[in-house]
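Working notes, beginning with the structure itself.
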Amino acid sequence: MSLLKPLALASAAALCLALSSLSSVHAAEAAVAVPAPAGKALLVSTAPSESVVLAGGCFWGVQGVFQHTQGVLRAVSGYAGGKPDSATYSMVSSGSTGHAESVQVTYDPRKISFGQILQIYFSVAHDPTQLNRQGPDHGTQYRSAIFTAGEQQKQAADAYIAQINAAHVFSSPIVTQVTPLQAFYAAEDYHQDYATLHPNQPYIAYNDLPKIANLQKMYPAIYRADPVLVFKH
Numbered sequence: 028m029s030l031l032k033p034l035a036l037a038s039a040a041a042l043c044l045a046l047s048s049l050s051s052v053h054a055a056e057a058a059v060a061v062p063a064p065a066g067k068a069l070l071v072s073t074a075p076s077e078s079v080v081l082a083g084g085c086f087w088g089v090q091g092v093f094q095h096t097q098g099v100l101r102a103v104s105g106y107a108g109g110k111p112d113s114a115t116y117s118m119v120s121s122g123s124t125g126h127a128e129s130v131q132v133t134y135d136p137r138k139i140s141f142g143q144i145l146q147i148y149f150s151v152a153h154d155p156t157q158l159n160r161q162g163p164d165h166g167t168q169y170r171s172a173i174f175t176a177g178e179q180q181k182q183a184a185d186a187y188i189a190q191i192n193a194a195h196v197f198s199s200p201i202v203t204q205v206t207p208l209q210a211f212y213a214a215e216d217y218h219q220d221y222a223t224l225h226p227n228q229p230y231i232a233y234n235d236l237p238k239i240a241n242l243q244k245m246y247p248a249i250y251r252a253d254p255v256l257v258f259k260h
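Residue numbering for the sequence shown follows my numbering, starting at 28 and increasing by one per position.
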């Protein structure tokens, strides 16, 4: 269980205290430059839209990154990997449901390829070498996983993981699971657009805003300043 995330729904003062005591231990995941997808990993398409479900720690940050990505039509926080009757935040947070906090990324493949989506996912959205954790958050609900929409996505994801591992850009092997998507369940409304709505919250400022800044720095051509949000605010 994360030491920080449950506090993220408490007072800002309590969060600041927790962060100050843990800052020497935990830090936001560093961005890592990974090779551009090549060959089968690119997976180009002329369809008007495609979607993939990505898990990489707390869904607030992953959603925030892809909401700032050109070509992304919608990014929704939710749950994948478990049963429908346990797809609630309180139950998923127990780590016993099989669900992972996930983001369903719907994109226009004529503007951004599946491979480019994964390049962002592996380089700035999370650390794919951390097993059942991400930064301060611990448990299988924070695992790294790609829930694929079909065999082509699976083959492309497997090929890209092999490509990145062969490039030795990480000091440890990638532990990302690649598994067929059974179902995606949207999270509660208050989890949607969270990084945009709460930029001054210490958890977001410490863990998630650096990811969005890294997206802008590493991929300026596909960074969008105005995020594509789930709800109008």
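Cβ atoms here follow ideal geometry from the backbone N, Cα and C, with glycine treated the same way.
Close-in-space but distant-in-sequence residues of the same chain around residue i (CB under 8 Å, 5 per side omitted)
i	result
MET20	The chain is shown only over 28 to 260; residue 20 falls outside these bounds and no answer can be derived.
SER140	PRO64, LEU69, LEU70, VAL71, SER72
GLN90	ALA102, VAL103, SER104, VAL130, GLN219, ASP220, TYR221, ALA222
PHE258	ASP216, GLN219, ASP220
LYS138	GLN97, GLY98
SER198	THR156
Residues near residue i by beta carbon distance below 6 Å, same chain, minus five either side
i	result
ALA188	According to the sequence provided, residue 188 is Ile. The question's Ala does not apply to it. Contacts found: ILE201.
GLN97	ILE249, ARG251
ARG160	TYR169
GLY84	HIS153, GLN161, ASP164, TYR169
ASN241	ALA58, VAL151
ALA194	PRO62
Residue closest to residue i, alpha-carbon to alpha-carbon, out of the options
i	options	result
PRO136	THR73, HIS225, ARG251, GLN204	THR73
ASP216	VAL205, VAL103, LEU70	VAL103
ALA252	VAL71, VAL92, GLU56	VAL92
GLN179	GLY142, GLN161, ASP154	GLY142
VAL130	LEU158, ILE139, LEU100, THR124	LEU100
VAL205	TYR212, VAL79, ALA184, SER76	ALA184
ALA260	ASP235, HIS225, GLN243, PRO247	Reading off the sequence shown, one finds His at residue 260, where the question assumed Ala. For HIS260, the nearest C-alpha among the options comes from HIS225.
HIS211	GLN243, PRO247, LEU81	Per the sequence shown, residue 211 should be read as Phe rather than His. If we check each option's Cα against that of PHE211, LEU81 comes out closest.
GLN209	PRO111, GLU56, SER198	PRO111
Contact check, residue i vs residue j, beta carbons under 9 Å
i	j	result
ALA116	ALA214	The displayed chain sequence assigns Tyr, not Ala, to residue 116. In this structure, ALA214 lies closer than 9 Å to TYR116 by Cβ.
PRO254	GLN146	no
PRO207	THR175	yes
SER171	GLN157	yes
HIS153	LYS238	yes
THR203	ILE173	yes
VAL196	VAL132	no
TRP87	TYR230	yes
PRO62	GLN190	yes
Nonlocal neighbours in the same chain, by C-beta distance under 7 Å from residue i, ignoring five residues either side
i	result
LEU256	GLN94, ASP220, THR223
HIS126	TYR106, ALA107, GLY108, GLY109, SER113, ALA114, VAL119, GLN168
ASN192	PRO200, ILE201
GLY66	ALA186
GLY177	none
ASP235	TRP87, GLY88, GLY91, ALA222
ILE144	VAL79, VAL132, TYR134
is_contact[residue i, chain C] using C-beta, thresh 9 Å
i	result
ALA210	Given the protein chain composition of this structure (a single chain), no chain C is represented.
Measuring CB atoms only, is the region 117–128 touching the region 219–230, in the sense that at least three cross pairs come out at less than 8 Å? no
Can you give, in chain order, each stretch of the alpha helix (DSSP H) that sits fully within the region 81–119 and has at least 4 residues? For the region 81–119, whole alpha helix (DSSP H) runs of length 4 or above, ordered along the chain, are 86–94, 116–119.
Contained alpha helix (DSSP H) runs [length at least 4] in the region 171–250, N- to C-terminal order: 178–194, 221–224, 236–245
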